[in-house]
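Residue numbers (the UniProt record's numbering): 1 to 285. A quick write-up on the structure given underneath.
Right, dumping it as C-alpha cells:
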C-alpha cells in the first residue's frame with residue numbers, strides 16, 4: 001500500500017494488542033479492496049457555489065453600471081426638458097403639434113377628395129369617348145360637305161359655260177336686231193288710183209316685234225337644283241356670272257330674288273317664277 005492512499009490510522013504505530021490481528025486485517029483488505037473516488041463531491045459543490053456567486057456578483061455589477069448610465073441619461077433628458085420649458089420651447093412644440101394636427105385634417109380632406117377621383121376619371125373617359133364620336137361624325141359630315149362642294153363646283157363650271165354660250169347667243173340676237181333696225185325701209189309704191197300698197201318690210205318688222213314681246217325674258221339667276229329639307233321644298237339659285245358658292249340662295253314659295261318671285265316647284269327639274277305679272281317656267285341647269 002502506498003503512502004498516498006494510506007489513512008492516518010495506518011501511519012500510526014500499531015499497538016501491541018493489534019499486532020496479532022494484523023494478518024487478519026491484511027487478509028481482509030486483500031479480499032475486499034477499498035474504492036476511492038478521484039474527486040470529492042463536497043469540493044465540487046463548493047467550487048460550483050463559488051462560480052455561481054461570482055457570476056451573480058458580476059451580473060449585478062453590470063446591471064448597476066447599466067442602470068447608472070440610464071439614470072444619467074434620464075437626468076440629462078429631464079434637465080434638457082426643464083431648460084426647454086424655461087426657455088419657452090415647450091410652447092413652440094405645442095404650436096407645432098397644433099399645426100401638424102391642422103395639416104393632418106387637410107390631408108384627410110384631400111384623401112376624401114381623392115377617393116372620388118376614380119369616378120371623375122370614369123366620367124372624363126366617357127366624355128372623351130363622346131367627343132371622339134362627335135369628332136368622327138363631324139369628319140364624316142365634313143367629307144360629305146366636301147363632296148357636295150365638289151359637285152357644286154362642277155355645276156358652277158357647267159353653269160359658267162352655259163352662261164357664256166347664252167351670252168354669245170344673246171349678243172348674236174342683239175346684233176341681228178340692230179341690223180334689222182338700221183335697214184332703210186323701201187318707199188311706198190303708189191298706183192294710178194292713188195292707193196298705197198303696204199310695205200312688206202313693215203309687216204315683217206311688226207311680226208318680229210310681236211315675236212320679241214312673246215319671248216321669255218332671261219332670268220337674272222340660274223336655277224341649280226331643287227332640294228327638300230324638313231318636308232319643305234326649296235329652289236337653289238345663284239346670280240348669273242357669279243361662281244362663288246356663298247352667293248347661292250335657297251328660295252321657298254313666296255320668296256323673291258332680283259324681282260323674280262318663286263310660285264312653285266315642279267318635281268326636281270323645274271320651278272315656276274312670277275315676273276311682271278306673268279309666270280315663267282325655268283329648268284334646272
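All C-beta atoms, glycine included, are put in the ideal place defined by N, C-alpha and C. Predicted model, so just to flag it, every value in this text is computed and none were measured.
Residue i: first and last residue of the uninterrupted beta strand (DSSP E) it sits in
{"i": "residue 238", "result": "232-239"}
{"i": "residue 247", "result": "No beta strand (DSSP E) holds residue 247; DSSP gives it neither H nor E."}
{"i": "residue 258", "result": "Note, residue 258: premise wrong, no beta strand (DSSP E); not H, not E."}
{"i": "residue 271", "result": "270-275"}
{"i": "residue 222", "result": "221-229"}
{"i": "residue 279", "result": "278-283"}
Nearest-angstrom Cα separation, counted from residue j out to residue i
{"i": "residue 227", "j": "residue 127", "result": "36 Å"}
{"i": "residue 121", "j": "residue 109", "result": "19 Å"}
{"i": "residue 95", "j": "residue 78", "result": "21 Å"}
{"i": "residue 84", "j": "residue 115", "result": "42 Å"}
{"i": "residue 125", "j": "residue 134", "result": "14 Å"}
{"i": "residue 218", "j": "residue 176", "result": "18 Å"}
{"i": "residue 173", "j": "residue 179", "result": "10 Å"}
{"i": "residue 153", "j": "residue 263", "result": "27 Å"}
{"i": "residue 245", "j": "residue 284", "result": "17 Å"}
{"i": "residue 43", "j": "residue 55", "result": "18 Å"}
{"i": "residue 117", "j": "residue 103", "result": "21 Å"}
{"i": "residue 221", "j": "residue 130", "result": "44 Å"}
{"i": "residue 48", "j": "residue 41", "result": "11 Å"}
{"i": "residue 76", "j": "residue 66", "result": "15 Å"}
{"i": "residue 276", "j": "residue 255", "result": "15 Å"}
{"i": "residue 71", "j": "residue 50", "result": "31 Å"}
Residues of its chain near residue i, where Cβ-Cβ distance is below 7 Å and the 5 sequence neighbours each way are ignored
{"i": "residue 141", "result": "none"}
{"i": "residue 243", "result": "156, 160"}
{"i": "residue 265", "result": "226, 233, 235, 271"}
Neighbourhood of residue i by C-beta distance below 6 Å, restricted to the same chain and skipping five residues each side
{"i": "residue 281", "result": "270, 272"}
{"i": "residue 91", "result": "none"}
Proximal residues to residue i (C-beta, below 8 Å), its chain only, five neighbours per side dropped
{"i": "residue 267", "result": "226"}
| field | Any alpha helix (DSSP H) of 4 or more consecutive residues that is wholly inside the region 43-80 | value | none
| said: I'd like the ranges of any alpha helix (DSSP H) spanning at least 4 consecutive residues and lying wholly in the region 117-143. | reply: none
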